[in-house]
Amino acid sequence: MLGSISLWRDDLAIIPQDGDLAPLCRETPAHRGTLPCAQGLSLSGLGAAFHQLPKPQGAQHCTLQPPRLPEDREGAQAAARTSGEAQGDASSAAWGSGRKCGAVLGGLQSPGRGSPAHLQAPCKLPGVAVRATRSPAPRTPGRQEKSCGSNGPSPAESLLHIYPAGRLFVGAKNHLLSLALDDISQRGRKIYWPAPVEWREECNWAGKDITAECMNFVKILHPYNRTHLYACGTGAFHPVCAFIEAGQHAEEPVFKLDPHHTEDGKGKSPYDPQHTAASVLVGEELYSGVATDLMGRDFTIFRSLGRRPSIRTEQHDSRWLNEPKFVAVFLVPESEDPDDDKIYFFFRETAVERQQGLGKTSFARIGQICRNDMGGQRSLVNKWTTFLKARLVCAVPGPDGADTHFDELRDVFLLQTRDKRNPLIYAIFSTSSSVFQGSAVCVYTMADIRRAFLGPFAHKEGPNYQWVSYQGRVPYPRPGMCPSKTFGTFGSTKDFPDEVIQFARHHPLMYNPVLPHGQRPLFLQATVPYTFTRIAVDRVTAADGHYDVLFIGTDVGTVLKVVSVPKESWHRMEPLLLEELQVFQDSSPIISLQLSSKRHQLYAGSTTALAQLPLHRCSAYGKACAECCLARDPYCAWDGNTCTRYVPNTKRRFRRQDVRNGDPNVLCSEGELGPARVWGCPAVQLYGVEGSSVFLECIPKSLQAHILWTYQRTLNDPQREMQMDERVVRTERGVLFRSVQRSDAGLYLCHATEHGFTQPLLRLSLEVIGAGQATGLGWPWQRGSSLQAGPGVPWGSQPGAFGDTGSHSPVPSVTQGLTARCLR
1322 MLGSISLWRD DLAIIPQDGD LAPLCRETPA HRGTLPCAQG LSLSGLGAAF
1372 HQLPKPQGAQ HCTLQPPRLP EDREGAQAAA RTSGEAQGDA SSAAWGSGRK
1422 CGAVLGGLQS PGRGSPAHLQ APCKLPGVAV RATRSPAPRT PGRQEKSCGS
1472 NGPSPAESLL HIYPAGRLFV GAKNHLLSLA LDDISQRGRK IYWPAPVEWR
1522 EECNWAGKDI TAECMNFVKI LHPYNRTHLY ACGTGAFHPV CAFIEAGQHA
1572 EEPVFKLDPH HTEDGKGKSP YDPQHTAASV LVGEELYSGV ATDLMGRDFT
1622 IFRSLGRRPS IRTEQHDSRW LNEPKFVAVF LVPESEDPDD DKIYFFFRET
1672 AVERQQGLGK TSFARIGQIC RNDMGGQRSL VNKWTTFLKA RLVCAVPGPD
1722 GADTHFDELR DVFLLQTRDK RNPLIYAIFS TSSSVFQGSA VCVYTMADIR
1772 RAFLGPFAHK EGPNYQWVSY QGRVPYPRPG MCPSKTFGTF GSTKDFPDEV
1822 IQFARHHPLM YNPVLPHGQR PLFLQATVPY TFTRIAVDRV TAADGHYDVL
1872 FIGTDVGTVL KVVSVPKESW HRMEPLLLEE LQVFQDSSPI ISLQLSSKRH
1922 QLYAGSTTAL AQLPLHRCSA YGKACAECCL ARDPYCAWDG NTCTRYVPNT
1972 KRRFRRQDVR NGDPNVLCSE GELGPARVWG CPAVQLYGVE GSSVFLECIP
2022 KSLQAHILWT YQRTLNDPQR EMQMDERVVR TERGVLFRSV QRSDAGLYLC
2072 HATEHGFTQP LLRLSLEVIG AGQATGLGWP WQRGSSLQAG PGVPWGSQPG
2122 AFGDTGSHSP VPSVTQGLTA RCLR
């Protein structure tokens, strides 16, 4: 099968040959949270870089005869049926948390620590320059950083697919690309697919922007079989689709589209590039959620292609769909009988059951249809007869039912399990409230989803037309059930009794919502300067069980890595935030995120770039057994010498790993625990002027560690825990002396405590100098300043040691990723 990514936007992951080659990421201090050397493509100025094929004459459509390869149909259909080969390839990758650059990626040497700031010579496509980039910078949780990224949806949402073959297919404005999946900077192929001139002119006459809207934005890109893709685009507000010949093997030099043979894309691609669409190709049939009119008011769930007649939802009926925003579509088998297969749509819409007077309220929904639905015989002709929908609830329980709801559905990931009929549904949400802002991840089981669709129907009754549970008789067969061997008397939905069809038409909404596993979010972030945008999940085999690792993209260009671990039992899980990584330096939102387990790569796309990152660099967790164990990363284990990638079913006897507990006292011998004594940890000499402010900074490698500060007045005094008050303040990054005094001089020790294990990280010797003494020495001191010398740096020789209060020294001392610096 063919690997594909579709990424649409005004720009693409390519830059002109003479374009700006500024790196996407920068060198960073060596501490946990830094990505290894990434491969990336800058997105700017695509149009001038490509050879233009002849533009199609006229706007005629023809019905395409899709390429018929019977021997390939079974494999393609199986992939679409499970939706797992697209995401199953993204099921067991290892995360790269390396802290230094210099890895050779696809023949390119990325600059390492200490190497020059300029980039190495990039490899080139004809007319296009591409490159490998240096390691992205880490983000510290809680750190407030300014972002130039938009908090709203991008003008053209992207969709990203990974398949087992070695090509990466990208759809963008007027273009399609075929790149090497192992190395996106290698030589690739391209197709120029613009909208006809007549369509662009007509679009412009209608008042649309000729450059921003009147283009062909690729919105649909699916593998049709082993040799062809099926692609659809907006076509300057004239949706258009075409088959693309891509070859059966990655090395085949074929990638072409005949612009003169296209077909109408209505019901497949939206007209407007700003409208969202979601689709899945099952066998020869395309199931899509899309707006089917120019104004974007007729939203529908549509089946097209194939040999069966097209079928859709009821038109202009808010009970069925009410201003929906489609997010994802999946096929899930219900039983061994393929006639029971169902298609599940995930979307958010304006709730029809909202209370009057509260204005528009957005609810997250899951909708279902039967794959073998043929519509009704006399009513609902060519309309779905098995369509049902239910609310997806993701909320934090509150007192007296005052729950905090996350209703804005953003993305959905279907994680395949051993039982293809029961995958796990991971979904990310955000709040719609302007008062409380946050994002959450909720997990749903197919058992809970099916229970909701087998529950009571929602019904309006009473003088105030309130939504209540329907208590009347439900006709047989129950609406929403598929015609199959389960109901032997009904071979097709056209055979359903009229009362079943009428009940289905008037009762598409279920009364009971679908609640998340555990009745609450698995992971949430509130009061943070970002919103979740995308999610990918990997099920990892570790020494003590299987763990789900979540990779969550945000609207400021970061990726969070979270592992779900059992709290008291395997039925009750809790999240553990392992890393927060800055992937895109311009803080552009991540709108595509996918994993490839076979290649151990993470692919992330934004509106300005497409990045390829290695996933396993366990050496970043340090050189001691305790650090590797405390990381609790299911990808990594201690082998007796280093922290390395854990590979199940190998014969290496000395690998130690305990993700669930992470107790180094149990797994590590005394000599492997690391610098247990105070004098074995890094030391920093720090000077302060009496009355000035001094900041002692100590950042642990682990995000889960708690920092403990102790001090000694002299070497002979016992260690005492520091007491905080109005003058001495603890922060997330260290301790701040608002006004340092002579009595504050001494030795300060920073300890990291995690899971009952304590180890020293840093010792700082603080010497306080009187204001008069500093003036007499001729130092450019003023009240509110402080002085610093790093390890091995003579006093007075470190740049940036003086200045005004309120900012950090531009050249802080750095010791193994832990910094100590003064406020200037």
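Under my numbering, the final residue of the sequence shown carries the number 2145; numbering is consecutive throughout.
In this text, a Cβ means the ideal position worked out from N, Cα and C, and glycines have one as well.
Since the model is a prediction, treat every value here as computed from it, not as a measurement.
Quick one: what does DSSP say E1948 is sitting in, helix, strand or coil?
helix
I'd like to confirm the pairing. Which residues does DSSP put opposite G2067 in its beta bridges?
L2087
Return the CA-CA distance between L2007 and Y1967, expressed in angstroms with no decimal places.
41 Å
Can you tell me whether K1540 is buried or exposed? The criterion is at least 16 other CB atoms within 10 Å of its CB, across all chains shown.
buried
Chain C beta carbons: is any one of them nearer than 8 Å to that of H1937?
The question asks about chain C, but that chain is absent: this structure has only one protein chain.
With burial defined as no fewer than 16 other Cβ atoms inside 10 Å of the residue's Cβ, what is the status of Q1915: buried or exposed?
buried
Report all residues from its chain with a CB closer than 8 Å to the CB of L1578; omit the five preceding and five following residues, and keep chain order.
L1497, I1512, W1514, A1552, A1563, F1564, I1565 and E1566
Pull up the CB-CB distance for L2057 and F2016, whole angstroms please, since I reckon it's below 8 Å.
5 Å
Here's the rule I'm using: 16 or more other beta-carbon atoms within 10 Å means buried, otherwise exposed. How should Q1840 be labelled?
By the Cβ-count criterion, Q1840 is exposed, with fewer than 16 other Cβ atoms from all chains shown falling within 10 Å of its own Cβ.
Any contact between the segment 1649-1660 and the segment 1738-1747? By contact I mean 3 or more CB pairs, one from each, below 8 Å.
These segments touch.
For the putative contact between K1704 and T1634, defined by C-beta atoms under 8 Å, what is the C-beta separation to the nearest angstrom?
So it is a contact: roughly 7 Å between Cβ atoms.
Where E1406 and E1644 are concerned, what is the direct C-alpha to C-alpha distance, given to the nearest angstrom?
The predicted position of E1406 is uncertain, since its pLDDT is 36 and thus under 50; a value taken from the coordinates is nonetheless stated next. Each residue's Cα considered, the two are about 32 Å apart.
Any heavy atom of the ligand NAD closer than 7 Å to the CB of I1822?
Inclusion of the ligand NAD in the displayed structure is not the case, the ligand content being empty and no account of it being possible.
Q1689 bridges to which residues according to DSSP?
Y1665 and L1709
Whose C-alpha, out of T1671, I1632 and D1661, is nearest the C-alpha of F1647?
T1671
Candidates P1804, Y1786, K1781 and G1801: which alpha carbon is nearest G1793's?
Comparing alpha carbon positions, the residue from P1804, Y1786, K1781 and G1801 closest to G1793 is K1781.
Host beta strand (DSSP E) of C1715 (start-end)
Note, C1715: premise wrong, no beta strand (DSSP E); not H, not E.
Skipping 5 residues on each side, what residues in its chain have a beta carbon closer than 6 Å to that of E1572?
none
Close-in-space but distant-in-sequence residues of the same chain around I1911 (CB under 8 Å, 5 per side omitted):
Result list for I1911: T1854, R1855, G1874, T1875, D1876, G1878, T1879, V1880, V1904, F1905, A1925, G1926 and S1927, in chain order.
Starting from I1856, follow its DSSP beta bridges and name the residues at the other end.
I1873
Along the beta strand (DSSP E) that carries C1957, what are the first and last residues, could you check?
C1957 to W1959
Excluding the 5 residues preceding and the 5 following F1667 in the sequence, name in chain order all residues of the same chain whose CB lies nearer than 6 Å to its CB.
V1648, A1649, I1687 and V1733
Using alpha carbons as the reference points, say which of H2027, A2004 and E2053 lies closest to L2070.
A2004
Using only the alpha-carbon positions, how far apart do G1697 and Y1786 sit?
28 Å
Extent of the continuous alpha helix (DSSP H) run through P1935:
From DSSP, P1935 is part of no alpha helix (DSSP H) but of the beta strand (DSSP E) over A1930 to P1935.
Start and end of the beta strand (DSSP E) containing I1822?
No beta strand (DSSP E) holds I1822; the alpha helix (DSSP H) holding it covers D1819 to H1827.
Candidates I1822, V1884 and I1690, of which the one nearest R1699 by Cα
I1822
Taking 8 Å as the threshold (C-beta atoms), are D1662 and R1628 in contact?
no
Bounding residues of the beta strand (DSSP E) (the contiguous stretch that carries C2209)
Not covered by the structure: residue 2209. The range shown for the chain is 1322 to 2145.
Which ranges would you report for the beta strand (DSSP E) in the segment 1732-1784 if only whole runs of at least 3 residues count?
Counting only runs that start and end inside the segment 1732-1784, the beta strand (DSSP E) elements of at least 3 residues fall at 1745-1751, 1759-1766 and 1779-1782.
Could you give the first and the last residue of the continuous alpha helix (DSSP H) run that contains C1524?
First-last of the alpha helix (DSSP H) with C1524: V1518 to W1526.
By Cβ distance below 7 Å, which residues in the same chain neighbour R2059 in space, the five residues on each side in sequence not counted?
S2014, R2048 and V2050
Return helix, strand or coil for A1501, following the three-state DSSP convention.
strand
Taking DSSP as the reference, what is the three-state secondary structure of D1954?
coil
Cβ contact (3+ pairs, closer than 8 Å) linking the segment 1762-1776 and the segment 1829-1840
yes
Might you give, ordered along the chain, the residues of its own chain that have their beta carbon closer than 6 Å to the beta carbon of A1501, omitting 5 neighbours on each side?
Q1507
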